[in-house]
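My numbering numbers the first residue of the sequence shown as 4 and each following residue consecutively.
We put the CB at the ideal spot given by N, CA and C, even for glycine.
Structure, as structure tokens:
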Amino acid sequence: DGPADLYAVDLDDTSAVRLTEQPNGILSFDISASGRQIFYSTRISTQNSAVFRIDRLHDTVTQIMGCTNVLCDFPRLSPLGDYLAYTRAPSNPKSETFPQQVWLLPIIDGEPLAESQARLVSDPLHSVGVPFWSPNGLLTFHDKDLQQFVVLDPQSGELSYFPNETGEAGTWSPDSSNFIVHEVDFWGEGPLDYTSHLWRFEYPSTLSSNLSLDPTVEDVTPAYSPDGKLIAFGRRYLDPNRFIIGSQIWTIGADGSFPQQITDNPDYNHADFAWKPDGRQLAFVRHKQTSLSDPPEIWIILLDGSDAIRLVIGGYAPAWIP
4 DGPADLYAVD
14 LDDTSAVRLT
24 EQPNGILSFD
34 ISASGRQIFY
44 STRISTQNSA
54 VFRIDRLHDT
64 VTQIMGCTNV
74 LCDFPRLSPL
84 GDYLAYTRAP
94 SNPKSETFPQ
104 QVWLLPIIDG
114 EPLAESQARL
124 VSDPLHSVGV
134 PFWSPNGLLT
144 FHDKDLQQFV
154 VLDPQSGELS
164 YFPNETGEAG
174 TWSPDSSNFI
184 VHEVDFWGEG
194 PLDYTSHLWR
204 FEYPSTLSSN
214 LSLDPTVEDV
224 TPAYSPDGKL
234 IAFGRRYLDP
244 NRFIIGSQIW
254 TIGADGSFPQ
264 QITDNPDYNH
274 ADFAWKPDGR
284 QLAFVRHKQT
294 SLSDPPEIWI
304 ILLDGSDAIR
314 LVIGGYAPAW
324 IP
């Protein structure tokens with residue numbers, strides 16, 4: 004019901020601590036592998052934006068980037084902490100001065116360099132999606148003009164590509180040997196005349212395989228478990244006999260075997276899956292599809308579907324602090 008700020012929830016007593024107090028709220032955030040640093044973006048005004056860093060060890064907040072007449076968003080720290088990827092786009096979404104681009108800012112000895120040291124790594128004429136990193140430091144983003152995911156090794160400059168029209172963020176295996184993303188295929192003109200399947204691309208060969216064996220499902224938002232043995236994802240049946248309005252949580256093995264349904268609440272959509280670092284619990288966002296005015300909720304659950312706990316009403320984008 005207003006600008007969104009960042010909170011941390013203590014799972015022992017489910018109390019929440021407010022981490023940011025920005026007048027215009029925050030846009031997006033990312034947590035370092037150690038949990039010590041949190042980067043977030045915010046609008047300073049209608050034309051200007053900025054990226055800040057929270058140092059949880061020293062309890063400090065520092066502006067590391069000020070973007071004049073530009074919207075800087077989606078800060079993403081590399082696994083080794085040596086780069087910060089982010090997007091630049093026109094402050095006014097109706098402006099066509101340039102498309103959303105991905106930029107890379109080097110970090111030396113834990114300190115980001117001046118914004119002038121950042122370099123553009125996406126095609127300057129192509130609109131791209133949100134950047135994210137593989138566990139071994141490959142920068143990944145979707146190029147909407149190419150209809151492919153671009154995989155960049157920032158050290159060597161080597162590029163690889165995975166074909167995909169949908170452009171929703173995928174998930175890398177912990178060893179960065181493969182990348183899984185969902186792809187939508189429309190086969191008719193009706194509202195349910197489509198399928199959405201999970202596709203696995205091997206890296207660096209880019210060989211692909213379909214992990215969704217059921218032809219009449221909508222499989223979306225895959226998320227690898229920390230040990231790489233399981234993939235959590237949302238599934239909704241589209242055929243008339245099994246149709247449900249809310250996507251449920253499922254897991255499969257890394258090769259697509261042994262599908263297991265975790266939740267059974269057909270009126271609720273389940274998404275934004277975040278694995279606890281030890282792999283024992285899954286955080287997610289639940290939203291009631293029969294009453295879309297209800298606020299989204301953040302829950303955690305065990306993999307057998309038990310001990311589901313609602314943590315937050317009116318929250319979204321859960322992530323674990325190591």
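| said: Using the Cβ count rule (16 or more neighbours within 10 Å means buried), how would you classify residue 61? | reply: exposed
query: Roughly how many angstroms separate the alpha carbons of residue 198 and residue 238, rounded to a whole number?
result: 11 angstroms
key: Cβ pair residue 229, residue 282 closer than 7 angstroms   = yes
Going by Cα to Cα distance, which pick from 99, 33, 96, 215 is closest to residue 88? 33
Legend entry - With 16 other Cβ atoms within 10 Å as the buried cut-off, status of residue 19: exposed
Worksheet item: Is residue 171 helix, strand or coil when you go by DSSP?
Response: coil
inquiry  = Please report the straight-line C-alpha distance between residue 110 and residue 244, rounded to a whole angstrom.
reply    = 54 angstroms
query: Who are the near neighbours of residue 264 in its chain, counting only those whose CB is closer than 7 angstroms to its CB and skipping five residues on each side?
result: 251, 253
Original post:
In the DSSP assignment, what residue or residues form a beta bridge with residue 234?
Top reply: 227, 255
- Can you tell me whether DSSP reads residue 2 as helix, strand or coil? Only positions 4 to 325 of the chain appear in this structure, which leaves residue 2 out of reach.
- Query: For residue 287, does the count of other Cβ atoms within 10 angstroms reach 16, so buried, or fall short, so exposed?
  - Reply: buried
With burial defined as no fewer than 16 other Cβ atoms inside 10 Å of the residue's Cβ, what is the status of residue 125: buried or exposed?
-> buried
Could you say which of 161, 138, 128 lies nearest to residue 146 if we only look at CA atoms? 128
If you reduce the DSSP assignment to three classes, tell me which class residue 97 lands in. coil
Taking residue 109 as part of the beta strand (DSSP E), name the residues at either end of that continuous run.
104-111
So, at 8 angstroms on beta carbons, what are the nonlocal neighbours of residue 277 in its own chain, with the 5 sequence-adjacent residues on each side left out? 226, 285, 286, 287, 321, 322, 323
Review point. With burial defined as no fewer than 16 other Cβ atoms inside 10 Å of the residue's Cβ, what is the status of residue 309: buried or exposed?
Key: exposed
Beta-carbon proximity list for residue 271, same chain, < 7 angstroms, skipping 5 on both sides
249, 289, 290, 291, 292
To the nearest angstrom, report how far apart residue 46 and residue 139 are at their CA atoms.
31 angstroms
Handout entry: Three-state class that DSSP yields for residue 36 in the structure shown
Key = coil
Discussion item. Tell me whether residue 41, by its Cβ, gets closer than 6 angstroms to a heavy atom of the ligand PLP.
Written reply: Ligands are entirely absent from the displayed structure, and the ligand PLP is therefore not among its contents.
Considering only the beta carbon of each residue, do residue 30 and residue 48 sit closer than 7 angstroms? no
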